[in-house]
Every structure is written in C-alpha cells, then in structure tokens.
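Structure first, then comments.
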Amino acid sequence: MPIKKIYPLLFIFFTTYTIYAQISTGPQIAWQRCYGTSGYDFFTDAITTSDGGFAAFVLYDLLDGDFADTLAMNSRLLKFDSEMNLIWQRSYENLLFEQILEVSDGYILAGATIADTGIASGNHGNRDILLVKTDLNGNFLWSRCYGSSGDDGLSYITLTSDGYILLNIYSYSQGGDILDHFGSGFTTDAVIVKTDLLGNVIWSKNYGGSEYDFIEGPIIEINAKYYFTAVSFSNDHDLEESDIMGGKVWLFKTDTNGNILDEKFYMQYDPIVGVYNSIEIDGNIFLAGLGGTLSSTFPPPVGHEESEALFAKYDTSLIFTDYGLYGGSKSDNISDFAFLTNGIFYVAGYSRSGDYDLPGNYNNSGESDYWLFAIDTAFNLLWSKNFGGSSPQGEYTFTAGSVGSILYKNNFLYYFGQCQVPDVLPDYDIACGHINPDLDDDTDAWLVAFDLSTVNIDMPIVDNNFSIYPNPAENTIYVLNNTPDSNAYIFLIYNSLGQKVFELSFINTEENIIDIQSLPSGLYVGAIMRDGIIIQSEKIILQ
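Below you can see the structure in the form of structure tokens.
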C-alpha cells in the first residue's frame, strides 16, 4: 500500500546577506543562422549526439527559401557535425515532431498526429502519439501510433537506463493503448505507456482522477524507481487521500512496472504553477518551470509580479528542500536548460520584464524578449541576458510545442528557436531572416551561438564567519565563529512561514551548543544577528 502524505511546500523565503555586484549581462552572440521560408518556421527540438554533433527538428511553412526543393513534406530532421556544419537533412511528410531521442542505432522522433495515412497509419481515433524510428542517417525504419479512440497529446518521452521508452501522455478517452479513463471526455488523465526500442507496448497505466491531471516534464529514474511531477485537479482515485481541493502539485514515485510506492501533495501556485523540465543531480530532482507571485507563504522578491521563472528541488522522499524565483515586474518563464558537471544551469526562456533580474526589454516590456540566464545549484543568479528583436508581436509567437532548446558544447551555448523576421536587418540581435514584406509577423527557425568566454561573472562576497553544523541536524546544533571576538550575537531560527521559533544570545568566544529537541522536523533558516542586523543566514534541515 503506498504511503500517502500531504505536506505544505517546505520552501523558505528569506533575505540572505550574500552581496553581489551588478549581475553580468551574459555572453555575446558569436554567430547566428536562419532556416526558413517566407512563412512561419521554427525549431521544435534539438539534442547533442554521441558523435559530437547535433540533431534538430524544424517545421517549414511554405515551399520557398530553404524549403524550395520539395513539394509536400514540410518537416525535417537536420544533422550537424561538431562544428555546426549541416551534414544531411531528411523530410517526413507533413508531421510535427516535438522531441528527438538518440538510441544506439538511430533516432526516435516523437509527436502527435491526426493523420491516418503513410507513416502515421494506425491512428486509433482523433489525435494519437506518433513514434518514428530512423537509422543514424535519418532514413525511415518504422513508425507506430499510440492512443485511445479520442484525443491524446504528448508531454514528454524518456529513455530509461535499461533501454525502454516511457511515453508521457495526456488523454481524454480510453480504448486502444489507453486502458481506462477516470473522468469525462472533457478532462484528461495522465497516462504512461512503456515500450521497448521496437515500439512494442510493455505496459500502459492511467494516473489521476476524474478531473484534469497532467504529468509534466521528463520522468526521473533513480535506483530502479521512477519519479513523477504532476499537476492535478482531482480528489479521487489516485488522489483520494489529498486534502487539497482544486489545483495541486502531485509528486509520486513508482517501481519499474508503474505501481505507485509513495506520493505527496502540495498547493499549486505556492509557488509552483507548472513544470516543464527536470533533471536528477546527486540523488535530488531539480525542476524548472513557472512560478506564481501571489503566494503569501512563499512570496517572490520585492517588486517581482505576474509570473516568474522557477527552479525547485526535492529529494527521493518527495520533500521539497529549496527553490528560486527569477524575473521582474512582468511575466517571465522558462523553456529549457542545459546542466553542466561544473554545477551551472544555463537556462533559456522568455520575458516581458526589463527590470530586477532582466537587464532590459527591446519592446519596453510590452511583449516578450527571449531570455538567457545562468544559476548554480544553490540557485544563485550568475548572469542574465535578454535577446531578440523589436517586433510588436514579441519573440514568443506562432510556436507549436517547444519555445526553444539550449545546448552546450566547447564553451558555447546554442539556442534553437524562432525569430520574428524584421522588414529591415539587423533588428537588435536579429541579423538574418527570409524577409516577406507582405507578412508582418513571419518567422524563421533561428540558431544562435553564444560565446561563454565573453562572460565575466561577478562572484559573491559572502559574510560567512560562522560555521553552523551539523546540517542536517537532529538534537543539537553547534555555532562556531571562525574568527573569534568578544562581540555579543544572537542566534535565531525561523520556520517555513518566516516565524521566529528560537532565539539565543551568546558571546562569540567559543563553540556554542544549541539544543533543538523542542523543534519538529522540517526546513528552517538559521541566522546570526549583531547590533540588530542579520549578518549571516542559511538553510537548516532538522530531522
């Protein structure tokens, strides 16, 4: 029987006394290319490949420009070498693929289709999920449709460590590969279909209840367990023990057969609104997505409004341990990130803000610019850059599926997205494009290379004279000044609501032993105060 618990979000919002100089405005653009026609063109996904190169999928709108050599097939897989030279490109009928996976002997393209002809034959109803397998040169090998008798959409596909594929589907119906449906034809179930590398179904399971349920982002695998991040509006079936009515963030883990082992529930908008991507780092799950700014429990930084780019972290017990909100006074969001072993996230998104964490906005905050920024695993903002043009429609328009992929290689960041093509070039950062004077908002698939060697990161100056240990702690905390003096200090502990739950005065000449047995387990903030000013603060986990 799964262990079912309900937790408030154990994030802590507090002011740290880490001092930064003005945030660097990020890397310079080294070069850019536009792939397109005189219509609406864009990249949907891009990956690094095992041969040191890249693969990307582009959707073309019209039969001119870079797509003048074909009659009907308006979608293409592009293969680049390690120097970003185009090696080959393959067309696949009129199909939109939202994600690319590389396997040992080729590529798997994943998307959704309403077609029931050609390589999309076998549709179960309205819209199905479509997998297409190619060889390493992009030549078609096989295809398979997955779905119900109704409408089904794709959220993500994940390749497992033992060579299986997990299809993350949202479904409005049942039948075919979807064995059940908990609600009406107007609400979605979250569905996971596990297949082998030949596309054969191993198992299919529904998750959720009778209202809207979505599993968001990739599925994380740790020690033969699958970890899921979902948003749900249900309170029955799998969520019958949730006391949170309406929208909620639902974390759960399963065995490799999809059986739920544990789950926890958190209020939506407090501050997590939605999740777009995730990754496992040292046994923790890091989430990237959309954050709310109306939470009284976990308020955003002063002046930040509308929506924020969000990062959060939870452990294998499904307990949140940290979060960060980024943006400004307008709406801000995340689309993708690249994580490096040096502990830095390079994040792509879009923003209407031109203040706080954003260095500017080319549309006076009337529409969105693209946004590139970097944070470390402690969620410190390292640098931030807006980029794009001055189109009155903004940069984030006419995109189906992804709003951009960000990849890293050899100290360069490569952004695969879309740009509004101006009537006159250049337009701020946009220096290429297939201009159509008769169309005001035509777009090209836009590939931009950013040179990370042009970034100067202002490292933080930290007043960190005190050591507070152990962390996590059980019954006792030790507070030790690394440079002892005779000043009077106060040690404070705050809970997740920002309430002071402990206070102790001490003279800073020796190791101080703090008894914390009276405090319940959870996430807290320990702070050192001198002369009425907090000079140091850090998160503390009490077990």
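Following the working numbering, the numbering of the sequence shown begins with 1195 at its first residue and continues without gaps.
Backbone N, C-alpha and C fix where the C-beta goes; we use that ideal spot for every residue, glycine too.
Computed from a predicted structure; not experimentally measured.
For leucine 1698, the enclosing beta strand (DSSP E) covers residues 1694-1701. Of all C-beta pairs linking the segment 1271-1282 to the segment 1305-1317, fewer than three are shorter than 8 Å, placing the two stretches out of contact.
In this structure, the straight-line span from the alpha carbon of aspartate 1255 to that of glycine 1233 is close to 5 Å. The DSSP-derived three-state label of glycine 1259 is helix. When DSSP reads this structure, glycine 1522 sits in no beta bridge, so it has no partner.
Relative to serine 1298, the option among Asp1322, Ser1342, Gly1521 and Asn1331 whose CA is nearest is Asn1331. When the alpha-carbon of tyrosine 1540 is set against those of Val1469, Leu1324 and Ala1482, the nearest one is in Ala1482. In the structure shown, threonine 1571 falls within a coil segment according to DSSP collapsed to helix, strand and coil. Leucine 1552 sits in coil when the DSSP states are folded into three classes, being neither helix nor strand.
The continuous beta strand (DSSP E) containing serine 1337 extends over residues 1334-1340. Taking the Cβ atoms as the reference, threonine 1354 lies roughly 19 Å from glutamate 1292, outside the contact range of under 8 Å. If you look at tyrosine 1301, you'll find it in the beta strand (DSSP E) that goes 1300-1307. Closest by C-alpha distance to glutamate 1434, out of Glu1589, Gly1403, Phe1446 and Tyr1463, is Gly1403. The bridge partners DSSP lists for phenylalanine 1427 come to none. The Cβ-Cβ distance between alanine 1262 and threonine 1231 falls below 9 Å.
Contact between the segment 1438-1457 and the segment 1517-1536 is absent: fewer than three C-beta pairs spanning the two stretches fall below 8 Å. Partner residues in the beta bridge of aspartate 1407, as assigned by DSSP, are Ser1426. Selection Gln1283, Met1278, Glu1277 and Leu1324 evaluated against aspartate 1260 yields Gln1283 as nearest (Cα-Cα).
In the DSSP assignment, serine 1489 falls outside any beta strand (DSSP E) and carries neither an H nor an E.
Proline 1412 counts as buried, since at least 16 other C-beta atoms from the protein chains shown sit within 10 angstroms of its C-beta. Note that the C-beta distance between isoleucine 1687 and isoleucine 1722 is not below 9 Å. Of the residues Asp1356, Pro1666 and Ile1302, the one whose Cα lies closest to the Cα of cysteine 1339 is Ile1302. Under the three-state reduction of DSSP, isoleucine 1313 is assigned to helix. Between the segment 1656-1670 and the segment 1618-1632, the count of Cβ pairs shorter than 8 Å is below three; the stretches do not touch. In summary, phenylalanine 1380 is exposed, with fewer than 16 beta-carbon neighbours lying within 10 Å of its beta-carbon over all protein chains present. About 16 Å separates the beta carbon of phenylalanine 1533 from that of alanine 1240, a gap too long to meet the 8 Å contact definition. Under DSSP, arginine 1546 takes part in no beta bridge, so it has no partner.
Look at aspartate 1432 here: in three-state DSSP terms it is helix. According to the DSSP assignment, threonine 1242 belongs to the beta strand (DSSP E) that extends over 1236-1242. Residues of the same chain with a CB within less than 6 Å of the CB of asparagine 1362, apart from the 5 flanking positions on each side, are Ser1349, Tyr1350 and Ile1409 in chain order. Annotation: valine 1618 to phenylalanine 1236 spans about 20 Å, alpha carbon to alpha carbon. Using a Cβ distance threshold of 9 Å, leucine 1335 and glycine 1300 count as a contacting pair.
Take asparagine 1669, set aside five residues on each side of it, and the residues of its chain with a beta-carbon closer than 6 Å to its own are Gln1711, in chain order. When DSSP states are grouped into helix, strand and coil, leucine 1512 belongs to the coil group. For valine 1252, the closest alpha carbon among the candidates Leu1290, Gln1222 and Asp1570 is that of Leu1290. Excluding the 5 residues flanking it on each side, aspartate 1258 has same chain C-beta neighbours closer than 7 Å at Thr1231 and Ser1232, in chain order.
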